[in-house]
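Structure, as structure tokens:
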Amino acid sequence: MHAIVIQTPGGPEALQWTEVPDPEPGPGEVVVEVTAAAVNRADVLQRRGHYPPPPGASPYPGLECSGVITATGPGVADHRVGERVCALLAGGGYAQRVAVPEGQLLPVPAGLSVQESAALPEVACTVWSNVVDVARLRKGDTLLVHGGGGGIGTFAVQLGVALGARVMVTARAAKHDRLRALGADLAIDYTGTDFVAAVREVTDGRGADVVLDIVGGAYLGRNIDVLAPGGRIAVIGLQGGRTGELDLGALMAKRGTVAATTLRARTVADKARIVRGVREQVWPLVDAGAIRPVIDRTLPMSDAAEAHRLMEASEHLGKILLLP
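Quick note, the sequence shown lines up with residues 1 to 324 if you use full-length UniProt numbering.
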């Protein structure tokens, strides 16, 4: 088969479409013939040499895909050859075929094509595990989503709205109309507006109950400032740096919580638990049309370098898909 290989970490040109050995399913695994894979910022970090795959995972980038099962390994009982699925991966999505633990498979939602479903597994599992499982978003809460225009952001807006929250986002101004169309109550241009003041103004000074943050250190202090009493911050990215100054007094005064998680390095069992939660609580919303994948464009997988250039420019809205 062919896959995108990173011979030496570097710029987008480091991504090479190369012939590699076919994957073999191990115990409890299936092989999926890939219809589409989605691009995530974690793939960019891996390409640069800053986010290596966990031990035992495929060395090729790609954290989610969709396709058709072509082989099953020992002990697989709940899935069959020919089944259409999408999958959460620890790596290997930028390829024609990939081996996947069966606990990380999801059915293709009603009303979606196999190709479209590739845009969902990583973002659904990341958002649900942080916004619902960790930060306990409830109906009537105010949810602030940083980076609202990306794959995580466009999904988080829709999930928050579907769960009865009031959703606010930070994003470039050019993306605001689309985000409001997805249900965002307030869109804030982070390039020229103080998001703390903007959120406080429309919440009568109360702030946000839950903050989903992809920025990290650079936003830590302001995220605490914007918290409502009892608020929860879930940090899932470090685009603004790994470190920041934490004012514990301010956090204590808010009775606030800061949690920081990653998904890729979790155990197979923990990922299966998250996938079960997504299937039980999120997939019915997708089946009903309350949440839809937002796809900016599709490109040939051999043109993954261009997909990474687009991702790094941050001018896309939603997901970029790669087709083998």
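For glycine and all other residues, C-beta sits at the position ideal for the given N, C-alpha and C.
Here the structure is a predicted model, which is why all the values come from computation and not from measurement.
Which stretch, first to last residue, makes up the alpha helix (DSSP H) that contains residue i?
i: R48; result: R41 to R48
i: I224; result: L220 to V226
i: A307; result: A304 to A313
i: H176; result: H176 to L182
i: W283; result: W283 to D287
i: E116; result: V114 to S117
i: P121; result: P121 to V127
With distance defined between alpha-carbon atoms, name the residue in the options nearest to residue i.
i: P52; options: D204, G91 and I69; result: G91
i: R48; options: I6, E33, W17 and T261; result: I6
i: G62; options: Q46, I69 and A77; result: Q46
i: G160; options: C125, K271 and R138; result: R138
i: A110; options: L323, P293, K319 and D194; result: P293
i: F155; options: A181, T267 and V127; result: V127
i: G244; options: E312, G216, T72 and D270; result: G216
i: P101; options: M252, G56 and Q115; result: G56
i: S131; options: M1, Q281 and G249; result: Position check: residue 131 holds Val in this sequence, whereas Ser was assumed. The residue with the shortest Cα to Cα distance from V131 is Q281.
i: P59; options: I4, G207 and S117; result: I4
i: C125; options: R276, V44 and I320; result: R276
i: A162; options: I291, R309, T18 and E116; result: I291
i: G230; options: A250, V34 and I69; result: A250
Tell me whether residue i, by its Cβ, gets closer than 7 Å to a heavy atom of the ligand SAM.
i: H176; result: Of the ligands one can find in the structure shown there are none, so the ligand SAM has no counterpart to examine.
Does DSSP put residue i in a helix, in a strand, or in coil?
i: A272; result: helix
i: M252; result: helix
i: R200; result: helix
i: T170; result: strand
i: R279; result: helix
i: G192; result: coil
i: Q16; result: strand
i: D133; result: helix
i: T261; result: coil
Verify the CB distance criterion: does residue i have a CB-CB separation below 8 Å to chain B?
i: Y219; result: No chain B is part of this structure, which consists of one protein chain only.
- Query: Taking the runs of the alpha helix (DSSP H) that are 4 residues or longer, which of them lie wholly in the stretch 35-111?
  - Reply: 41-48
- Query: Counting Cβ pairs, one atom from each stretch, are 3 or more of them under 8 Å apart for the stretch 205-219 and the stretch 139-155?
  - Reply: yes
- Task: Please determine if the stretch 299-311 and the stretch 268-288 are in contact, where contact requires at least 3 C-beta pairs separated by less than 8 Å.
- Result: no
- Mind the definition here: the stretch 225-238 touches the stretch 12-28 only if three or more C-beta pairs lie below 8 Å; say whether that holds. Result no; under three Cβ-Cβ pairs closer than 8 Å.
- Item | Three CB pairs or more closer than 8 Å across the stretch 75-93 and the stretch 248-257 | no
- Query: Taking one C-beta from the stretch 302-322 and one from the stretch 9-21 each time, how about it: are there three or more such pairs within less than 8 Å?
  - Reply: The stretch 302-322 is in contact with the stretch 9-21.
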